[in-house]
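S.K.: Protein sequence lines, in the order shown, are assigned to chains W and S.
According to full-length UniProt numbering, the stretch in the first sequence is residues 1 to 122, in order.
According to full-length UniProt numbering, the stretch in the second sequence is residues 1 to 122, in order.
Ideal placement from N, C-alpha and C gives every residue a C-beta, glycine not left out.
Computed from a prediction, not measured in an experiment: that's the story for all the values here.
There are 2 protein chains.
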Amino acid sequence: MRIGEVARETGVSVRALRYYEEQDLLPSERSAGGQRRYPASAVDRVRLIQQLFAAGLPSRSVREVLPCVYSGTVTPGLLDHLEAERARISERITDLLAARDRLDTVIANTRNPPAECLHPRD
Amino acid sequence: MRIGEVARETGVSVRALRYYEEQDLLPSERSAGGQRRYPASAVDRVRLIQQLFAAGLPSRSVREVLPCVYSGTVTPGLLDHLEAERARISERITDLLAARDRLDTVIANTRNPPAECLHPRD
DNA sequence: CTAAAACCTGACGTTGACGTGAGATGCAAG
DNA sequence: CTTGCATCTCACGTCAACGTCAGGTTTTAG
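1. Does the region 68-87 of chain W come within contact of the region 26-38 of chain S, defined as at least 3 CB pairs closer than 8 Å?
2. With distances taken from CA atoms, which of W:Arg63, W:Ala55 and W:Ala108 is nearest S:Leu103?
3. So, for S:Ile49: in the same chain, excluding its five sequence neighbours on each side, which residues have a beta-carbon less than 8 Å away from its beta-carbon?
4. Alpha helix (DSSP H) containing W:Val65: first to last residue?
5. By the 10 Å Cβ neighbour count, where 16 or more other Cβ atoms means buried, how is W:Arg2 classified, buried or exposed?
6. Do W:Gln51 and S:Ala99 have their C-beta atoms within less than 8 Å of each other?
7. For W:Arg30, write down the residues that DSSP places opposite it in a beta bridge.
8. Report buried or exposed for S:Ala42, applying the criterion of at least 16 other Cβ atoms within 10 angstroms of its Cβ.
9. With 8 Å as the threshold, decide whether the Cβ of S:Ala55 is near any Cβ in chain W.
10. From what residue to what residue does the alpha helix (DSSP H) around W:Asp24 run?
11. Just to confirm the assignment, what range does the alpha helix (DSSP H) spanning W:Ala55 have?
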């Protein structure tokens with residue numbers, strides 16, 4: 001596949017795909033003229049990369065994780081790293097839930113301001 | 001209170017507090033010599049600001065929300081804005097949950113690689 | 001064969017929430 | 001008074017994941 005095709009299939013920009021290659025996340029073959037050619041599997045790989053980015057992993061961590069996903073190989077300390085990332089995600093989720101609750105309170109107060117809002121103690 | 005004291009109490013940096021003032025999120029009185037003086041309530045205000053930042057709201061939105069929290073005043077369109085932010089947070093939570101599940105799969109595969117991981121189809 | 005579309009490599013710009021000095025001033029203690 | 005820490009105001013630096021523009025090349029459709 002050519003880069004534009006991969007971009008259309010995955011919804012990420014051409015620039016992003018080149019960036020992934022620069023970061024050693026997404027290798028590519030080159031045509032005689034120097035253009036990138038990808039196997040069909042690249043689409044799934046890009047989707048995985050996107051998911052890991054969405055989880056807040058930096059490209060450095062994604063670079064560590066990707067070979068493992070495809071090979072099942074465990075590099076020393078990788079498992080610890082993964083579980084640390086998992087913990088960070090969980091913490092982030094907790095924070096967001098708390099923030100959403102806080103926002104819900106704000107919304108409720110906005111709809112129908114209670115007396116204590118007019119005389120705040122905080 | 002002086003700025004360093006607020007920083008210690010809240011755990012945010014002095015620089016951040018000055019940034020909040022710059023963004024009209026955290027007002028301050030000034031001493032004769034020009035130093036910032038805060039009321040004790042500033043500590044909770046800073047904590048609220050941090051929570052909203054943690055929720056992913058940009059300072060512009062926090063600036064909109066803060067007066068409402070303390071006064072119960074509803075500016076036109078604010079409620080829509082709040083609910084849009086709430087939706088954004090919920091979406092982010094969903095993404096993170098999906099990403100965490102994906103990571104769990106990766107972790108499981110790392111612990112005990114299944115056959116298909118050892119013979120990837122790319 | 002030609003024109004257009006797609007692609008290439010640099011390289012600088014963006015955004016947000018601060019970090020990090022530099023150099024000057026305020027303020028409380030001895 | 002003076003030492004010395006806290007604080008002040010610029011103002012440039014940072015980091016990540018790309019966006020965007022420039023100027024040139026490759027590939028494909030007709």
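M.R.: The structure says:
1. The region 68-87 of chain W, when compared against the region 26-38 of chain S, does not touch it at the 8 Å Cβ threshold.
2. Reading the second sequence from its first residue, position 103 is the one you call residue 103 of chain S. Out of W:Arg63, W:Ala55 and W:Ala108, the CA that lies nearest to the CA of S:Leu103 is found in W:Ala55.
3. Along the second sequence, read from residue 1 onward, the residue named residue 49 of chain S stands at position 49. Excluding residues within five positions, the ones whose Cβ falls inside 8 Å are Tyr20, Leu25, Leu26, Val62 and Leu66.
4. Position 65 of the first sequence, counting from 1, holds the residue named residue 65 of chain W. Its alpha helix (DSSP H) spans residues Ser59 to Ser71.
5. In the first sequence, the residue the question calls residue 2 of chain W occupies position 2. Under a 10 Å Cβ-count criterion, W:Arg2 is classified as exposed, with fewer than 16 other Cβ atoms of the shown protein chains found around its own Cβ.
6. Within the first sequence, residue 51 of chain W is the residue found at index 51, counting from 1. Within the second sequence, residue 99 of chain S is the residue found at index 99, counting from 1. It is a contact, given that the beta carbons lie within the stated cut-off.
7. Along the first sequence, one-based indexing puts residue 30 of chain W at 30. W:Arg30 is bridged to W:Arg36.
8. Sequence index remark: in the second sequence, residue 42 of chain S carries index 42 (1-based). S:Ala42 is buried by the Cβ-count criterion.
9. The residue labelled residue 55 of chain S in the question sits at position 55 within the second sequence. With respect to chain W, the C-beta atom of S:Ala55 has a partner C-beta closer than 8 Å.
10. Indexing the first sequence from 1 puts residue 24 of chain W at position 24. DSSP places W:Asp24 outside any alpha helix (DSSP H), giving it a letter other than H or E.
11. What you label residue 55 of chain W is simply residue 55 of the first sequence in a count that begins at 1. Counting along the chain, W:Ala55 falls outside any alpha helix (DSSP H), and DSSP gives it neither H nor E.
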